[in-house]
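The sequence shown begins at 1 in full-length UniProt numbering and counts up one residue at a time.
Virtual Cβ for every residue (Gly too), placed ideally from N, Cα, C.
Let me begin by presenting the structure, written as structure tokens, before commenting on it.
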Amino acid sequence: MSIHSSTNSPKSPSINDKNDNDNIVLPASEFSPSPTKMAHYTFPSSPDCALDLFQQQKPLAKQKQQTIMEIIFPIRFVILALSLGCLSLIVANSLALNFTVICMHKELPSLMTENGGGDLHWEWTILTNTNISSSNNEETSKEQQLESMFTVDEQSWLFSAIAIGQLIGTLPITYFMTNIGLRKMFTLYGLTSSFSTLFIPISIDFAGFPGLMFMRILQGVSLATVMVVTGAVSAEWSPLSSAGVFLTILTINYQLGPITAMPLAAALCSSETFGWESIYYLLGILTFIGFAIFFYFFRDTPREQKLVSVRELAIIEKGKIIEKCQKQEGSPKERIPYKAIFLDPVFWAITASNATANMAFLVFWQYGPLYLNKVLGIEVAETGIAAALPYILSTFVKLIAAQISDRFNCISEKCKVILFASVSQYVMCCCFLALALLPKMGFMNVMFMQCMFTASTVFSGLNAVGVVKSTHLVSRQFSHVLFSWDTLTHAIVSLLLPLGINFLTPTHSVDEWANVFLFVTACNMVGTTFFNIYAEVEPREWTKGHITKTSLTYPESIGTVEEGKKFGLPLPQLP
């Protein structure tokens, strides 16, 4: 399609709000200094990617309104907020039981009464709160009746159920991403999380432990999407210049989830009015609403979202490597180079570091409330705040680190990735060593132990601009593959960790937990060092098969400079 503007042409071309490229590249040959010949823009001719100058002309007022909206709050930030909110709710749903298990107690015979026939029978009562207080005698009597709803072994399996679900949920993710797209896939998984959370209290009433186990597996299935969606949304919607900040904000879901679940669970657990069941109803309803909004607004790529302007699309796609959009419909999809990926030592360095970092993070992510309550003796209501505090601090540390990572240009990107990965994991190892060795030396201070617990969680968040950022940069359009593999290792660690901790800490004593900290520290040191040796940030060779950089270099379609001015496109630099 070629369009030449002249003074004899009264019709004004219209421009589609989807631009296929981030720059307009104009060779000198396209322009003439002659006043009788006008300079020309170059537009792509592909029907799938080109700017169609004769379709969907917008009124000038609407164009101005969109420009104002874009300046005030770009669409990519709306996508970022929606994605982060939905990811955080999925994480919060899976974590609610980690806290409520403290205050879930089964029915016990409380007293005997005489019925009308003179026989004695037991009255049964369900105790759902550990925060029972009246007189000292009544409190002692009721505390003697408290018995956990689930045994230690059952609790271990309930924690492992999330990992089983992650393993199941990870298997079809790549297929869903390829065939139905990110939007439909994530919504499907999100609704699974919503309904499984809503039905947890009902499943306990009707089926007990097996019913709850099934719901926990479904929650784990949904959790399998977290890292995949984080990588995919960041790859499609973030400009390369701010990829670190965008990716880091999305990974804050691992902090916002506990921040949401822990205080809410603590407040409702301690409430005589609501009880532990209400946390599941509340989170389930919020998740359903969140994913309904997500499905309505989200699109897999910026080109599919009609509210994204040409200017914002150019910002998002600048310098990116993307698949050639000139491929005809029905052409074979780009094949995932599994062999090349698995033969790449960078892939295995990332995998090893993620596995050991996940192990260290999951110790307190899964067992934080139990450690604070059973080992350090912190009360239930205070445990919710104490468990959420590290994640609040980690959120701020993550955001600061992301800004530093994107703006600090005195050292190379590779050095920054290694630096943040090392600070994150090595400092966390030091905190674990303090938790393990100081009690063995006779130093046992609850406040100090809680500070070490908080510091280890805070520093773990820096890995978002370390190993996680490296994963995003080296894999580019195949980021969902590497993040799926990360989810798989996360699930395996989540499955084995409860079994190991249950074996090493049968009574939850300080000495028993010291052995856990020593083992995790050793593994994490090895994994982080392996990553530092092979760390890379440039796209790997297996990402460069059938891709091209975005540009506007198609000579078949031509528009004039005056037309470019009319539609707000950047002007070329004329000699």
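When we look at the beta-carbon of L496 and count the other beta-carbons within 10 Å, is it buried (16 or more) or exposed? Stepping through the sequence shown from its first residue, residue 496 is reached at position 496. Result: exposed.
C-alpha gap between G85 and I392, whole angstroms: Along the sequence shown, read from residue 1 onward, the residue named residue 85 stands at position 85. Along the sequence shown, read from residue 1 onward, the residue named residue 392 stands at position 392. Rounded to whole angstroms, G85 to I392 spans 15 angstroms at the Cα level.
Report buried or exposed for G220, applying the criterion of at least 16 other Cβ atoms within 10 angstroms of its Cβ. The residue given as residue 220 occupies position 220 in the sequence shown. Buried, by the Cβ-count rule.
Give the straight-line distance between the Cα atoms of G377 and T260, rounded to the nearest whole angstrom. Taking the sequence shown and counting its residues from 1, one reaches residue 377 at position 377. Taking the sequence shown and counting its residues from 1, one reaches residue 260 at position 260. Straight-line Cα distance between these residues: approximately 23 angstroms.
Less than 9 angstroms between the C-beta atoms of F448 and L438, yes or no? Here the question's residue 448 lines up with position 448 in the sequence shown. Here the question's residue 438 lines up with position 438 in the sequence shown. Cβ distance < 9 angstroms, so F448 and L438 count as in contact.
Straight-line gap, F483 to I75 (C-alpha atoms, nearest Å): Taking the first residue of the sequence shown as position 1, residue 483 is located at position 483. Taking the first residue of the sequence shown as position 1, residue 75 is located at position 75. Their Cα atoms are separated by approximately 25 angstroms.
Please go through the same chain and pick out, in chain order, the residues whose beta-carbon is closer than 8 angstroms to the beta-carbon of I293, but skip the five residues on each side of it. Within the sequence shown, numbered from 1, the residue matching residue 293 stands at position 293. Here the set comprises L82.
Excluding sequence positions up to five away, which residues of its chain have a Cβ less than 7 angstroms from the Cβ of L419? For the purposes of this step, residue 419 is identified with residue 419 of the sequence shown, where counting begins at 1. Cβ within range, chain order: n/a, list empty.
Do three or more CB pairs link the region 497-509 to the region 247-259 at distances below 8 angstroms? no
Could you tell me which of L97, T529, N515 sits nearest to L268, measuring between CA atoms? Reading the sequence shown from its first residue, position 268 is the one you call residue 268. Checked all of L97, T529, N515; the closest Cα to L268 is L97.
Assign R476 to buried or exposed, taking buried as 16 or more other Cβ atoms, counted over all protein chains shown, within 10 Å of its Cβ. Numbered from its first residue, the sequence shown carries residue 476 at position 476. With 16 or more other Cβ atoms within 10 Å, it is buried.
Contact between the region 170-189 and the region 286-305: three or more CB pairs below 8 angstroms? yes
Residue 607 and T248: beta carbons closer than 9 angstroms? The question about residue 607 has no answer here: the residues shown for the chain are numbered 1 through 575.
Among the candidates F99, I279, N358, whose CA atom is the shortest distance from the CA of L198? As a working note, residue 198 is residue 198 in the sequence shown. Per the Cα distances, I279.
Hey, out of V363, P201, A401, whose CA is closest to A387's CA? As a working note, residue 387 is residue 387 in the sequence shown. Closest by alpha carbon: V363.
In the DSSP assignment, find the alpha helix (DSSP H) that holds L198 and state where it starts and stops. Numbered from 1 along the sequence shown, position 198 holds the residue referred to as residue 198. Looking at the DSSP string, the run of the alpha helix (DSSP H) that includes L198 is 181-198.
Roughly how many angstroms lie between the CA atoms of G284 and E512, to the nearest whole one? Mapped onto the sequence shown, residue 284 falls at position 284. Mapped onto the sequence shown, residue 512 falls at position 512. Each residue's Cα considered, the two are about 36 angstroms apart.
Can F519 and A265 be called in contact, C-beta distance under 9 angstroms? The residue you call residue 519 lines up with position 519 of the sequence shown. The residue you call residue 265 lines up with position 265 of the sequence shown. Not closer than 9 angstroms, so no.
Kindly list the residues whose CB is nearer than 6 angstroms to the CB of A464, restricted to its own chain and excluding five residues on each side of it in sequence; keep chain order. Here the question's residue 464 lines up with position 464 in the sequence shown. Counting only Cβ-Cβ distances below 6 angstroms, and skipping sequence neighbours, we find T248, T251, K398.
Apart from the five residues just before and just after L286, which ones in its own chain have a Cβ nearer than 8 angstroms to its Cβ? Taking the first residue of the sequence shown as 1, we reach residue 286 at position 286. Cβ within range, chain order: L89.
Please state whether DSSP places S148 in a helix, a strand or coil. Locating residue 148 in the sequence shown gives position 148, where the first residue counts as 1. Here S148 sits in strand by DSSP.
For M262, I'd like the list of residues in its chain whose CB is within less than 6 angstroms of its CB, leaving aside the five on either flank, ordered along the chain. Counted from its first residue, the sequence shown places residue 262 at position 262. These residues qualify, in order along the chain: F99, G384, A387, A388.
Taking Cβ to Cβ, would you say L462 is nearer than 9 angstroms to V493? Counting from one through the sequence shown, the residue named residue 462 turns up at place 462. Counting from one through the sequence shown, the residue named residue 493 turns up at place 493. The answer is no: Cβ separation not under 9 angstroms.
Specify the secondary structure class of P506 as computed by DSSP and reduced to three states. Here the question's residue 506 lines up with position 506 in the sequence shown. The answer is coil: DSSP assigns P506 none of H, G, I, E or B.
CB contact flag (Q166, T487, <9 angstroms): In the sequence shown, the residue the question calls residue 166 occupies position 166. In the sequence shown, the residue the question calls residue 487 occupies position 487. Cβ distance < 9 angstroms, so Q166 and T487 count as in contact.
Is DSSP giving A357 helix, strand or coil here? The residue you call residue 357 lines up with position 357 of the sequence shown. Looking at A357 - three-state DSSP - the assignment turns out to be helix.
What residue from V308, N93, A161 has the CA that sits closest to F77's CA? Within the sequence shown, the letter at position 77 stands for residue 77. The option with the nearest alpha carbon to F77 is V308.
4 or more residues per run - each alpha helix (DSSP H) lying fully within the region 405-474: 413-440, 446-460
Count the other CB atoms within 10 Å of the CB of M149; is the residue buried (16 or more) or exposed (fewer)? Against the sequence shown, residue 149 aligns to sequence position 149. When all chains shown are included, M149 counts as buried.
Taking the alpha carbon of T395 as the point to measure from, which residue in T529, K318, F459 has its own alpha carbon closest? Reading the sequence shown from its first residue, position 395 is the one you call residue 395. Considering only alpha carbons, the answer is F459.
How is the alpha helix (DSSP H) around T260 delimited, first residue to last? Mapped onto the sequence shown, residue 260 falls at position 260. Here the alpha helix (DSSP H) through T260 covers 253-269.
Use the C-beta contact count for M215: other C-beta atoms within 10 angstroms, 16 or more gives buried, fewer gives exposed. Against the sequence shown, residue 215 aligns to sequence position 215. M215 is buried by the Cβ-count criterion.
Between T230 and N354, is the Cβ-Cβ spacing less than 9 angstroms? Looking up residue 230 in the sequence shown gives position 230. Looking up residue 354 in the sequence shown gives position 354. No.
Assuming R76 is part of the alpha helix (DSSP H), what are its boundary residues? Taking the first residue of the sequence shown as position 1, residue 76 is located at position 76. Here the alpha helix (DSSP H) through R76 covers 75-100.
Nearest by alpha-carbon distance to K318: which of F361, E536, S238, E277 is it? Locating residue 318 in the sequence shown gives position 318, where the first residue counts as 1. The option with the nearest alpha carbon to K318 is S238.
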